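Student:
Residue numbers (the numbering used here), protein chains in the order written: chain W, 14 to 208; chain X, 14 to 208.
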C-alpha cells in the first residue's frame, strides 16, 4: 500500500481492507500508520543485518575485501528480491518522526561503520590507496548497492548476474585507486582531460 | 518550493509569493504547476546535455574511457553544485504526466546511450571485459553519479575532491572487470566466498 500510494496518501483503512480486517480490528495489532512503516523498516534491518552479522562473524583470516565483496553482493541480491520493500525504505524513511527515525538511522549507521572499517582494513594491507578517504569511498559503494532499486527490472535483468557484476564493479572501483600510478588492467587514468 | 514541500504539496500561490507576484500575474508566465516542473527538469537537461555534447565533440583520438571519466566527473560536479534541483529531478520526475514525461525520458535516454556507447567502444579496444554486458555496467556508472544527491553534504565533503574520486571509482570499477583473471592492483577477486 505504501509502495503503490506513497506513505502520505496510504490510509490505515486501505491496509485493513488489504489484509481482510475492519479498521478497528487492525488497531488491535498496530498503533497506527507510522507504526506499520516503522515495523516494515525495522524488519528490513533485521534482514539485512543478518548479512552484516554473517560477514562480521567470518574468521579473521578472511581478507577485508573478500568480506566486502560478499557483503555488497548479498545486499544487492537482497535489494533485487525485495524491490517493493526497499523502494518504500528509501522513499518514505523520512516520513518517520522522532524517536522512531533515530532508531532506524542508528541501525543504518552500523552498516556504514562496517563498510568503512573494511575499507580502512584494506588500506592498512596496502590493497586500497591509504590517501583516499574512507568516507566518500564508502558512499560510492553504497551508491552501487542502493540505486539497484531504481533501475533493476526482474523481467529484463534477472539473467545478468547483477549482484556479482555489481559487487565486482564496487570492489574494483575501490582497489583500482590503490594501484601504483592508477594503472589498472593496462589502462591509465588520465590526469585531466579537459581543463 | 518543490524541494521543500514536494511537488504534490507545493502550490502555485506559494511560488507566486516567493517570486513576488500575485498568483494571477504568475499565470501570464506559466501554464500551471506542472509547467513549472517540466521547465525545471527540461532546463536541467539543457545544462547536463552541455556536458554530453562537449564530450561527444572531442576528437576521435580521445580514448572512450578518458571521455567517460570526464563525463562522470562533470556530471557529479553538476550534481554537487545543484543539489536542490537534482533532488527535485529524481524525486518528482514521475509526477509529470504524458507527453511531458516522455520528453524528459527521451532526453535521459541520450545519456544512457552515450554511456553505453563509450563502454562498448572500450570493450572493442580490450579495455573493458567484452563478456560483461554494457547495460548493467552503465547502470552501475549512473548509480555512482546519481546517488551523490542523497549523501553529498557541502559542509562536510567540499574538500574531498568528490567528483574526481567518484569518477576514478567508476572507471576503475569498469576497467577492473576487463583485466585478465580479475587481478587488479595486486588483489584477486574471490570466486565465491560463501555459498
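Glycine included, C-beta positions come from ideal geometry on N, C-alpha and C. Fair warning: this is a prediction, and the values are worked out from it, not measured in the lab.
(1) With three or more C-beta pairs closer than 8 Å as the rule, is the stretch 148-162 of chain X touching the stretch 62-72 of chain X?
(2) What's the C-alpha gap between residue 165(W) and residue 93(W)?
(3) What's the gap between the Cα of residue 48(X) and the Cα of residue 75(W)?
(4) Pull out every residue of the stretch 173-185 of chain W whose Cβ sits closer than 8 Å to any Cβ of chain X, in chain order.
(5) If distances are taken between C-alpha atoms only, which option among 139(X), 120(X), 77(X), 96(X) comes closest to residue 16(X)?
(6) Which one of 186(X), 137(X), 123(X), 19(X) has the shortest CA to CA distance from residue 99(X)?
(7) What are the start and end residues of each continuous alpha helix (DSSP H) run of 4 or more residues lying completely inside the stretch 157-197 of chain X, in chain order?
(8) Could you pull out every residue in the same chain whose Cβ sits closer than 7 Å to the Cβ of residue 186(W), ignoring the five residues on either side in sequence?
(9) Considering Cα atoms alone, identify which of 87(W), 50(W), 30(W) is closest to residue 176(W).
(10) In the DSSP assignment, the alpha helix (DSSP H) including residue 37(W) goes from what residue to what residue?
(11) Under the three-state reduction of DSSP, which class applies to residue 77(X): helix, strand or coil?
(12) Answer with buried or exposed for residue 168(W), where buried requires no fewer than 16 other C-beta atoms within 10 angstroms of its C-beta.
(13) Taking only beta-carbon positions, decide if residue 204(X) is within less than 7 Å of chain W.
(14) Going along chain W in order, which residues have a C-beta closer than 9 Å to the C-beta of residue 159(X)?
(15) Return yes when the Cβ of residue 131(W) is within less than 7 Å of the Cβ of residue 54(W), no when it is not.
(16) Can you check whether the C-beta of residue 126(X) is within less than 7 Å of a C-beta belonging to chain W?
(17) Can you pull the chain X neighbours of residue 170(W), defined as C-beta to C-beta under 7 Å?
(18) Does the distance from the CB of residue 135(X) to the CB of residue 72(X) come in under 7 Å?
(19) Please tell me whether residue 33(X) has its Cβ less than 7 Å away from any Cβ of chain W.
(20) Among the residues of its own chain, which have a CB less than 8 Å from the CB of residue 110(W), if the five just before and after it don't count?
(21) Under DSSP, the alpha helix (DSSP H) around residue 95(X) begins and ends at which residues?
(22) Residue 64(W) by DSSP, collapsed to three states: which one?
(23) Thinking just about the alpha-carbon of each residue, which of 105(W), 39(W), 150(W) is nearest to the one in residue 126(W)?
(24) Using a Cβ-Cβ cut-off of 6 Å (strictly less than) and excluding sequence neighbours within five positions of residue 194(X), which residues of its own chain qualify?
(25) Does residue 152(W) come within less than 7 Å of chain X when only Cβ atoms are used?
(26) Which first and last residues belong to the alpha helix (DSSP H) in which residue 134(X) is found?
(27) Can you check which of these residues, 140(W), 122(W), 173(W), is closest to residue 144(X) by C-alpha distance?
(28) Figure out for me which residue from 51(W), 89(W), 171(W), 184(W) has the closest Cα to the Cα of residue 120(W).
(29) By a C-beta neighbour count over all protein chains shown, 10 Å radius and 16 as the cutoff for buried, is residue 21(X) buried or exposed?
Tutor: Inspection of the coordinates gives the following:
(1) no
(2) 7 Å
(3) 55 Å
(4) 173, 175, 178, 179, 181, 182, 183, 184, 185
(5) When C-alpha distances from residue 16(X) are compared across 139(X), 120(X), 77(X), 96(X), the shortest belongs to 96(X).
(6) 19(X)
(7) 161-164, 167-170, 175-189
(8) 153
(9) 87(W)
(10) 36-39
(11) helix
(12) Residue 168(W) is exposed by the Cβ-count criterion.
(13) Summary for residue 204(X): the model assigns pLDDT 39, below 50, so the residue's position carries little reliability, and this model does not support an answer.
(14) 156, 160, 163
(15) no
(16) Residue 126(X) does not count as touching chain W.
(17) 149
(18) no
(19) Not an interface residue.
(20) Closer than 8 Å at the Cβ level, and outside the excluded window around residue 110(W), lie 47.
(21) Counting along the chain, residue 95(X) falls outside any alpha helix (DSSP H), and DSSP gives it neither H nor E.
(22) It is helical.
(23) Here the closest residue by C-alpha is 150(W).
(24) The pLDDT assigned to residue 194(X) is 35, lower than 50, so where the model puts this residue is not dependable; a value taken from the coordinates is nonetheless given after this. For residue 194(X), where only same-chain residues beyond five positions count, there are no Cβ hits under 6 Å.
(25) yes
(26) 113-137
(27) Minimum Cα distance to residue 144(X) is reached at 173(W).
(28) 51(W)
(29) exposed
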